[in-house]
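Have a look at the structure below, then the notes.
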Amino acid sequence: MTARLTALGVADARSKLRAGEITSVELTEACLTEIDAARALNAFVHDTPEIALEQARAADARIADGNAPSMCGIPLGIKDLFCTRGVPSQAASRILEGFRPEYESTVTRNLFDAGSVMLGKLNMDEFAMGSSNESSVYGGAVSPWRRRGDTASLVPGGSSGGSAAAVAADLCIGAIGTDTGGSIRQPAAFTGITGIKPTYGRCSRWGIVAFASSLDQAGPMTKTVRDAAIMLGAMAGHDPKDSTSADLPVPDFEAALTGDVRGKKIGIPTEYRVEDMPSDIETLWTKGKEILRDAGASVVDISLPHTEYALPAYYVIAPAEASSNLARFDGVRYGRRARPGAGDGVTDMYDKTRAEGFGPEVQRRVMIGTYVLSAGFYDAYYNRARKVRALIKGDFDAAFADGIDAILTPATPSAAFALGELAEADPVRMYLNDIFTVTVNLAGLPGISVPAGLNAQGLPLGLQLIGRPWEEGDLLNHAYVLERAAGGALKPDRWW
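Count along the sequence shown starting at 1, add 4, and that's the number in my numbering.
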């Protein structure tokens, strides 16, 4: 009964809750049981069972009164980057050890107002800096997937690795993540689930621990495209506390799922045919084109000529913004403070606190960011990267102006890799995991990863669709067509 309940998606759970077939308390208790049984995945890092059951009881009362929004009674996992009132919110970093905010992030507040249930906080890469979830102070999250005939532990992707693992393993009905350069879409592809990064400004960033402020965006990670549409509708909305939040109405994203893409024009960027792309991914990409063409869309080649500069531009801009944002973590007002030595002054305390509190990957990016912002290098690196960013956005603008409705690409350059396989190698090899995703963040566009098949080793692969700004409904509908033809969410064999 427990496993059957937790395998539900948002839409199916909503139907059963409203029909009185199950209660939110029953569903929440089933998820809590599954979480306890799946500690080997290291997905949940701060459990909140008391809060969850209190919220579930309140949701059941709202449902009984006939006052139930779409997310009412749905148990969710919350990425540790979101500040949740009275609950540890560490961004998976030692430097925020013991930090319990006295406020609630806007996205989680929106979800709780819609009746959602918080099961706990989810693992992630430290300060969202990573593509494998191995930089976490809690230790790496583990994918519920394994290669066929192999027991090696695989990464769930990053930075929202805990969210991806929890949804794929049916520990929660849905989860929220954040995406700065692919941190929703890449782990979704690695674990066979759906993940959407909305247009920059669609969801408030207030109360989310900042990595790179001009790139960060929250989004849902779910079992189906319909579930993503439902969750995004509850998360999104204008927030006067966030100066980058768009003052636009939130459409009914679920109503946009008509399955009709006749007459739509799908672009295939020639620059995404990278060298040494695995044949499995090439085959999957071809399959995606055929699905959309068979559904009545036209599929045409397009050029995004500045794509090759996206990754280096991103790895200048994102560390620069991180360097600025992380300067506030100094051990003075909250979080970890290093024990001072004899004769230490306040500067020594700052230095020791940051050295102890930040992990190697965060230190690496802070140093890069500080370097590119320093006198003499600002124009050579940061300003040049900003100009490249404008050119990348211009490429997309030109494609959409030419009538392109959505762009189809692979989500990742490979399937999930083993824990430790890339973490100790050249960091650039790890950064290459973002090659298909960072352009979307640089241009501020919506992008979604949809599970589309398995590779030869039995691991999930995803396809990415990139949409026009503010047209998430249309993007979700294209993804819905892909999902239905490809067979929907992929499920791992249970080993944990």
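The C-beta atom is built at its ideal place from N, Cα and C for all residues, glycine as well. Treat the numbers as computed from the prediction; the structure is a model and nothing was measured.
Taking the Cβ atoms as the reference, R393 lies roughly 7 angstroms from I321, within the contact range of under 8 angstroms. For V213, no alpha helix (DSSP H) run applies, since DSSP gives it neither H nor E.
Taking E106 as the centre and dropping the five residues before and after it, the same chain places the C-beta of R89, G90 closer than 8 angstroms to its C-beta, in chain order. A distance below 6 angstroms between beta-carbons, with the five flanking residues on each side excluded, links K245 to the following residues of its chain, in chain order: W210.
Distance from the CA atom of M122 to the CA atom of A456, rounded to whole angstroms, is 29 angstroms.
Between the segment 205–219 and the segment 314–334 there are three or more inter-stretch CB-CB distances shorter than 8 angstroms, so the stretches are counted as touching. For H242, the secondary structure class from DSSP, reduced to helix, strand or coil, is coil.
Residue pairing from DSSP places T88 in a beta bridge opposite V91.
By the criterion of a C-beta distance shorter than 7 angstroms, G407 is surrounded in its chain by K269, once the five residues flanking it on both sides are discounted. Assignment of beta-bridge partners to L467 by DSSP yields P414, V454.
In this structure K293 does not touch V444 by the C-beta definition: roughly 19 angstroms separates them, more than the 8 angstroms allowed. K83 is positioned such that its CB atom lies closer than 8 angstroms to that of S164. Per DSSP, reduced to three states, the secondary structure at I82 is strand.
Every unbroken stretch of the alpha helix (DSSP H) spanning 4 or more residues and falling wholly within the segment 133–187 is given here in chain order: 165–172. In the structure shown, the three-state DSSP call for V304 is strand. Unbroken beta strand (DSSP E) stretches of 3 residues or longer found wholly inside the segment 256–308: 269–273, 302–306, given in chain order. In the three-state DSSP reduction, K356 falls in the helix class (H, G or I).
In this structure, the beta-carbon distance from E275 to P316 does not fall below 8 angstroms. G363 sits away from E54, with the two beta carbons spaced by 8 angstroms or more. Cβ neighbours of I39 within its own chain (closer than 6 angstroms, five residues either side excluded): F48, L175.
Under DSSP, no beta-bridge partner is assigned to P364. In this structure the segment 65–72 does not touch the segment 184–195; the number of beta carbon pairs closer than 8 angstroms is below three.
V370 sits in a helix when the DSSP states are folded into three classes.
Y319 is classed as buried because its beta carbon has at least 16 other beta carbons within 10 Å across all chains shown. Taking a C-beta distance under 8 angstroms as the contact criterion, N114 and G205 do not qualify as a contact pair. Within the same chain, and ignoring the five residues on either side of I26 in sequence, the residues whose Cβ sits closer than 8 angstroms to its Cβ are L9, A17, K20. Just so you know, the alpha carbons of T110 and L85 end up roughly 13 angstroms apart. Between the beta-carbon of G223 and that of I177 there is about 16 angstroms, and that puts the pair past the 8 angstroms contact cut. Check the Cα spacing between P255 and each of M235, S247, I272: the tightest is with M235.
Judged by beta-carbon spacing, P450 lies beyond the 8 angstroms limit of M281, meaning their Cβ atoms are not closer than that value. Membership of H482 in the alpha helix (DSSP H) is indicated by the continuous run 476–490. By the CB criterion at 8 angstroms, G196 and L412 fall outside the cutoff.
Per DSSP, reduced to three states, the secondary structure at I26 is coil, with no helix or strand assignment.
Counting along the chain, L315 sits inside the alpha helix (DSSP H) bounded by residues 314–329. In this model, G144 and E365 are separated by some 14 angstroms (Cα to Cα). DSSP places A60 inside the alpha helix (DSSP H), whose first and last residues are 53–68.
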